[in-house]
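**Q** Numbering (mature numbering (1 follows the signal peptide of the UniProt record, and there is no 0)), first residue to last: -30 to -1, 1 to 405. For each residue, glycine too, the CB sits at the ideal point set by N, CA and C. Remember, it's a predicted structure, so these values are computed and weren't measured experimentally.
1. In chain order, what residues of the same chain lie with their CB nearer than 7 Å to the CB of residue 202, ignoring the 5 residues before and after it?
2. Starting from the C-beta of residue 36, find all residues in its chain whose C-beta is less than 7 Å away, skip the five residues before and the five after it, and write them out in chain order.
3. Exposed or buried, what is residue 144 when buried is set at 16 or more other beta-carbons lying within 10 Å of its beta-carbon?
4. Using DSSP's beta-bridge definition, name the partner residues of residue 21.
5. Residue 134 and residue 193 look like a contact to me (Cβ under 8 Å); what is the Cβ gap, rounded to whole Å?
6. Considering only the alpha carbon of each residue, which of 86, 75, 146, 280 lies closest to residue 172?
7. Which one of 39, 28, 100, 80 has the shortest CA to CA distance from residue 275?
8. Please work out which residues of its chain come closer than 6 Å, Cβ to Cβ, to residue 30, disregarding the five sequence neighbours upstream and downstream, and give them in chain order.
9. Could you name the residues of the same chain whose beta carbon sits closer than 8 Å to that of residue 358, not counting the 5 residues immediately before and after it, in chain order?
10. Using DSSP with H/G/I as helix, E/B as strand and the rest coil, what is residue 357?
11. From what residue to what residue does the beta strand (DSSP E) around residue 366 run?
12. Hey, quick one: how far does the beta strand (DSSP E) through residue 86 stretch, first residue to last?
13. Taking the beta strand (DSSP E) that residue 206 belongs to, which residues open and close that run?
14. For the stretch 247 to 262 against the stretch 209 to 216, are there 3 or more C-beta pairs whose distance is under 8 Å?
15. Taking the C-alpha atoms as reference points, what is the distance between residue 269 and residue 152?
16. Expressed to the nearest angstrom, what Euclidean distance is found between the alpha-carbon atoms of residue 125 and residue 290?
17. Would you kindly report the start and end of the unbroken alpha helix (DSSP H) that includes residue 104?
18. Where does residue 41 land, buried or exposed, given buried means 16+ other C-beta within 10 angstroms?
19. For residue 236, I'd like the list of residues in its chain whose CB is within less than 8 Å of its CB, leaving aside the five on either flank, ordered along the chain.
20. In three-state terms, what does DSSP make of residue 52?
21. Taking the alpha carbon of residue 385 as the reference point, which residue from 184, 404, 320 has its own alpha carbon closest?
22. Pick from 34, 139, 198: whose alpha carbon is nearest that of residue 179?
23. Does DSSP put residue 291 in a helix, a strand or coil?
24. With C-beta atoms as the reference, is residue 301 less than 8 Å away from residue 292?
25. Using the rule of at least 16 other Cβ atoms within 10 Å of the residue's Cβ for burial, across every protein chain shown, is residue 132 buried or exposed?
26. Am I right that residue 20 and residue 61 are in contact with their C-beta atoms under 8 Å? What's the rounded C-beta distance?
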């Protein structure tokens, strides 16, 4: 790994000094040679999936992982592997295909009982509004992660992108729920993970899995669509597990426009609405001329700086940067609320353009969620199942409702209860598909 990074740094230094060196030679030939070399080096440095930086943060020994599981070991399963945690910065593309960088957490299994070739999981995280949030750094601080215990310690390599505009990405904004850039960030994280694993001599089986929760459910489904459409020869996709995602994105916003749905009030509604509007404005440029066109005072003055910004979504609400979730009328201008009735309204069209139900999956898909989810209605999962199986796809649905106590509210169903249950249920099915 060190040799790979030293080579890259040397290449970047060469780019910096190339013109000065060539100026000492004969003018025309030297200039042509410099341009050709610089072009080739730049193309290599910013080829999609190129590894720009690797930081190895920690190695977790199998015995320590097992000790940390305690009573959870019966549900998660005993670990077989040591796990190395790294943060990777890699080259990808922005929403218009322009060069960009993103970061990802990489978990690589190892150890004496874990020498077999490993499957590679592309993980897509849920909604994150904290601009500098890095899954690798957060895992290091916590000393634990479901991705570490459920997957990596059981022999699956994990590449978990932080997406564009979050973590160590240089992108100027996070294109929240923009399907194509979610997918490209995942695809390029998989490419970067393969390169790092190869340099570290960690064998991969060639089989790829995809999974994600909430926004990550949307992103992992988008990645499956993109891989099967554009990269089928590059990735052997063994199975996917989108969980609790807004796959029917436009309909999800229509049904939740009042911030209350069949499962009760959505305590995150104001933050999710604001994030989506700001992101779609930054992607498409036609949602509003000024934040005041959408957001009431005083929120119009600050909403853009928190989407993303210094706070996670819970602190945005807890600290009063936005009204409480169900109080959407305090946030949204009446005119914008009325305009949403028009299917041709720019925000409606942006949402519809990022729906994910107009294709047919080829790899087996396991969908997981909970019927009492008040944040992302389970209707998304049922619609995906109905439409995909109607076109001949192999899709299984797992509803965790009967395993969640009745007293758990609809927001907590989404943000905590269903997460853990879906992790376990889909992990076992994905590994059965891959092995």
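**A** Answer, in terms of the structure:
1. Position 232 of the chain shown, counted from the first residue, corresponds to residue 202. Cβ neighbours of residue 202 beyond the five flanking positions: none.
2. Here residue 36 refers to the residue found at position 66 of the chain shown. So the list reads 43, 48, 49, once near-sequence residues are dropped.
3. Your numbering for residue 144 matches position 174 in the chain shown. Buried, since its Cβ has 16 or more Cβ neighbours within 10 Å.
4. Stepping through the chain shown from its first residue, residue 21 is reached at position 51. DSSP lists 60 as partners of residue 21.
5. Within the chain shown, numbered from 1, the residue matching residue 134 stands at position 164. Within the chain shown, numbered from 1, the residue matching residue 193 stands at position 223. With 8 Å as the limit, residue 134 and residue 193 do not qualify as a contact, their Cβ atoms being about 14 Å apart.
6. For the purposes of this step, residue 172 is identified with residue 202 of the chain shown, where counting begins at 1. Among 86, 75, 146, 280, the Cα nearest to that of residue 172 is on 86.
7. For the purposes of this step, residue 275 is taken as the residue at position 305 of the chain shown. It is 100 whose Cα lies nearest to the Cα of residue 275.
8. If you number the chain shown from 1, residue 30 lands on position 60. Same-chain partners within the cutoff: 53.
9. Taking the chain shown and counting its residues from 1, the one referred to as residue 358 is at position 388. 327, 330, 331, 335, 365.
10. Within the chain shown, the letter at position 387 stands for residue 357. DSSP places residue 357 in helix when its eight states are reduced to three.
11. Along the chain shown, one-based indexing puts residue 366 at 396. In the DSSP assignment, residue 366 falls within the beta strand (DSSP E) that extends over 365 to 369.
12. Residue numbering aside, residue 86 sits at position 116 when the chain shown is read from its first letter. Counting along the chain, residue 86 falls outside any beta strand (DSSP E), and DSSP gives it neither H nor E.
13. Position 236 of the chain shown holds residue 206. Counting along the chain, the unbroken beta strand (DSSP E) around residue 206 starts and ends at 206 to 213.
14. No: fewer than three Cβ pairs fall under 8 Å.
15. Taking the first residue of the chain shown as position 1, residue 269 is located at position 299. Taking the first residue of the chain shown as position 1, residue 152 is located at position 182. Between residue 269 and residue 152, the alpha-carbon positions lie close to 27 Å from each other.
16. For this step, residue 125 is matched to residue 155 along the chain shown. For this step, residue 290 is matched to residue 320 along the chain shown. Distance between residue 125 and residue 290, taken at the CA atoms: about 43 Å.
17. For this step, residue 104 is matched to residue 134 along the chain shown. Here residue 104 belongs to no alpha helix (DSSP H), and DSSP marks it neither H nor E.
18. Within the chain shown, residue 41 is the residue found at index 71, counting from 1. Classification of residue 41: exposed, given that the 10 Å Cβ count is below 16.
19. By 1-based counting over the chain shown, the position of residue 236 is 266. For residue 236, where only same-chain residues beyond five positions count, the Cβ hits under 8 Å are 226, 229, 230, 242, 295, 296, 344, 345, 380, 381.
20. For the purposes of this step, residue 52 is identified with residue 82 of the chain shown, where counting begins at 1. If DSSP states are grouped into helix, strand and coil, residue 52 belongs with the strands.
21. In the chain shown, counting from the first residue as 1, residue 385 sits at position 415. Ranking 184, 404, 320 by Cα distance to residue 385 puts 184 first.
22. Counting from 1 along the chain shown, the entry for residue 179 is found at position 209. Here the closest residue by C-alpha is 198.
23. In the chain shown, counting from the first residue as 1, residue 291 sits at position 321. In the three-state DSSP reduction, residue 291 falls in the coil class, being neither helix nor strand.
24. Locating residue 301 in the chain shown gives position 331, where the first residue counts as 1. Locating residue 292 in the chain shown gives position 322, where the first residue counts as 1. For residue 301 and residue 292, yes; Cβs fall inside 8 Å.
25. Locating residue 132 in the chain shown gives position 162, where the first residue counts as 1. Residue 132 is classed as buried because its beta carbon has at least 16 other beta carbons within 10 Å across all chains shown.
26. Within the chain shown, the letter at position 50 stands for residue 20. Within the chain shown, the letter at position 91 stands for residue 61. Contact between residue 20 and residue 61 holds, with the beta-carbon distance rounding to 4 Å and staying under 8 Å.
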